[in-house]
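Have a look at the structure below before the remarks.
Residue numbers (the working numbering), protein chains in the order written: chain Y, 44 to 384; chain R, 199 to 326.
Shown next, in the form of structure tokens:
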């Protein structure tokens with residue numbers, strides 16, 4: 044059974060470091076964001092499973108040939124005071140670490156959920172008092188603010204999309220529809236569940252490269268998925284112009300009119316045969332450090348400007364098979380020896 | 199008058215518009231006149247609004263930290279903790295700010311863009 048814990052530990056290390064770094068540098072996820080999203084989920088789940096599994100299997104080695112008999116032996120010790128002399132210091136250490144890590148992950152997941160829900164509830168309460176329902180779209184409210192802002196606040200049946208006055212003034216109807224269908228895609232595809240899980244994963248193990256890379260990748264991939272939905276109903280130039288307008292008026296330093304004018308030249312530059320070089324002059328940057336969200340915006344725009352074909356079906360199938368294998372391998376390593384013997 | 203939510207909104211609108219503390223009785227009277235006007239416009243009768251209902255609404259708002267009560271004097275006089283503009287600014291700060299967990303709370307159409315990233319965007323859009 045020692046080789047099982049060894050294999051699981053190798054898998055855990057590979058999934059914690061080299062694999063996420065390679066994946067975060069790859070360019071194909073922009074071509075098939077949905078497939079890439081499944082792969083990131085498989086990496087996170089398999090990574091956690093193999094980390095905990097490796098320690099558990101190592102710790103149980105002296106008292107059982109496999110996970111099931113080992114756990115039975117452990118239960119005897121804990122519940123019925125069976126002798127514990129078989130377990131050495133390192134076995135106890137590994138078992139405690141496995142238990143602590145499991146508890147830590149579950150607890151962080153719940154705590155993150157509670158924090159997110161509390162902030163959303165507070166936000167919804169204020170919106171109920173400050174924002175007016177939109178005449179244009181269902182489940183949409185308008186808040187009186189000059190900068191062009193659009194976002195959605197998930198919450199099951201109470202999910203709401205929020206638009207600012209500044210945005211309504213700056214966007215043409217078609218651009219507004221593109222923004223709304225982008226935000227609706229977030230809500231319909233339940234992207235907030237992914238954001239929650241990966242935020243908790245990072246919160247729990249912030250020093251692990253995979254958690255930061257995974258969260259950044261997921262944040263970026265959901266935007267691409269939502270853009271793809273918006274492109275089904277609105278044109279590419281419309282969406283790019285909407286992105287340009289919203290990106291050009293970040294912190295309310297400028298009026299909606301100025302924002303619209305500048306973004307107009309940005310979008311004009313984005314559309315072939317228009318004047319190049321006018322783009323984004325005088326764009327005011329908001330305060331704050333380098334953000335993952337801006338990198339996301341850049342990769343979104345470059346993806347829209349120079350689209351690449353979706354990955355071929357065979358390649359997508361291969362990635363999906365790889366994801367399934369990632370989950371199957373640690374599960375099998377943990378369970379199959381018990382079933383066989 | 200319909201739900202508590204709508205009443206909360208109406209009460210906050212009155213407090214924000216009035217700029218001064220008001221008793222539950224005063225608020226009830228003002229609500230009655232505004233709803234009467236609305237009721238006429240919508241073509242249905244405004245129902246009598248009880249002071250206790252207004253007090254319930256006020257205590258809910260107080261619990262949410264939106265309304266404060268002047269203590270000592272009776273009847274209690276209520277006022278908004280901060281202006282509508284301040285609350286909007288607070289909300290937008292939350293939306294536009296870069297708090298790490300904000301990303302999980304709500305999904306913005308476009309995240310914040312810094313100088314160097316704006317430069318990259320400019321190049322991207324300029325090179326067509």
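Each residue gets a CB set at the ideal place from its N, CA and C atoms; glycine is no exception.
For residue 206 (chain Y), there is no enclosing alpha helix (DSSP H); the enclosing beta strand (DSSP E) has its first and last residue at 203-207. With fewer than three CB-CB distances shorter than 8 Å, the region 74-88 of chain Y does not count as touching the region 101-108 of chain Y. If you look at residue 84 (chain Y), you'll find it in the alpha helix (DSSP H) that goes 76-103.
Inclusion of residue 285 (chain Y) and residue 226 (chain Y) in the CB contact set at 8 Å is not warranted, their separation being larger than that value. Interface flag for residue 112 (chain Y) against chain R is unset, since no Cβ pair is found closer than 8 Å. For residue 351 (chain Y), the nearest beta carbon of chain R is not closer than 8 Å to its own beta carbon. At least one beta carbon of chain Y lies nearer than 8 Å to the beta carbon of residue 303 (chain R). Of the candidates Y:246, Y:168, Y:185, Y:246 places its Cα closest to the Cα of residue 153 (chain Y). Per DSSP, reduced to three states, the secondary structure at residue 269 (chain R) is coil, with no helix or strand assignment. Contact check for residue 213 (chain R) against residue 258 (chain R) fails: the beta carbons are separated by 8 Å or more. Shortest Cα-Cα distance from residue 346 (chain Y) to any of Y:64, Y:53, Y:46, Y:73 involves Y:73. Chain R has a Cβ within less than 8 Å of the Cβ of residue 348 (chain Y). Per DSSP, reduced to three states, the secondary structure at residue 122 (chain Y) is helical. Per DSSP, reduced to three states, the secondary structure at residue 277 (chain R) is strand. Within the same chain, Cβ atoms closer than 7 Å to the Cβ of residue 353 (chain Y) are found at 74, 75, the five residues on either side in sequence being excluded. Residue contact check for residue 178 (chain Y) against chain R: no CB pair falls below 8 Å. No Cβ-Cβ contact shorter than 8 Å links residue 289 (chain R) with residue 194 (chain Y). Contacts with chain Y at 8 Å (Cβ-Cβ) include residue 311 (chain R). Between residue 58 (chain Y) and residue 253 (chain Y), the C-beta gap is smaller than 8 Å, which places the two residues in contact.
Between residue 373 (chain Y) and residue 141 (chain Y), the C-beta gap is not smaller than 8 Å, which leaves the two residues out of contact.
When secondary structure is reduced to three states using DSSP, residue 305 (chain R) falls in the strand class.
Per DSSP, residue 184 (chain Y) is one residue of the beta strand (DSSP E) stretching across 183-186. Among the residues of the region 180-206 of chain Y, those with a Cβ less than 7 Å away from any Cβ of chain R are 186, 187, 188, 192, 193, 194, 195, 196, in the order of the chain. Taking a Cβ-Cβ threshold of 7 Å, the residues of chain R close to residue 289 (chain Y) are 307, 308, in chain order. Nearest C-alpha to residue 280 (chain Y) among Y:215, Y:236, Y:135: Y:215. As DSSP reads the structure, residue 196 (chain Y) sits in a beta bridge with Y:203.
When the five nearest sequence neighbours on each side are left out, the beta carbons in the same chain lying within less than 6 Å of the beta carbon of residue 267 (chain Y) are those of 76, in order along the chain.
C-alpha of residue 69 (chain Y) to C-alpha of residue 253 (chain R): approximately 60 Å in a straight line. In terms of CA proximity to residue 206 (chain Y), Y:177 leads the group Y:271, Y:136, Y:177.
Going by C-alpha positions, residue 180 (chain Y) is about 24 Å away from residue 282 (chain R).
By the Cβ criterion, the region 218-229 of chain R is in contact with the region 273-280 of chain R, since at least three pairs of Cβ atoms, one from each stretch, lie closer than 8 Å.
The Cβ-Cβ distance between residue 263 (chain Y) and residue 81 (chain Y) does not fall below 8 Å. The beta carbon of residue 133 (chain Y) does not come within 8 Å of any beta carbon belonging to chain R, so the residue lies off that interface. Residues of chain Y with a Cβ closer than 7 Å to the Cβ of residue 203 (chain R) are, in chain order, 171. Residues of the region 249-267 of chain R with a C-beta atom less than 8 Å from some C-beta of chain Y are 262, 264, listed in chain order. Using a Cβ-Cβ cut-off of 8 Å, residue 147 (chain Y) does not count as an interface residue toward chain R, since no Cβ of chain R sits closer than that to its own.
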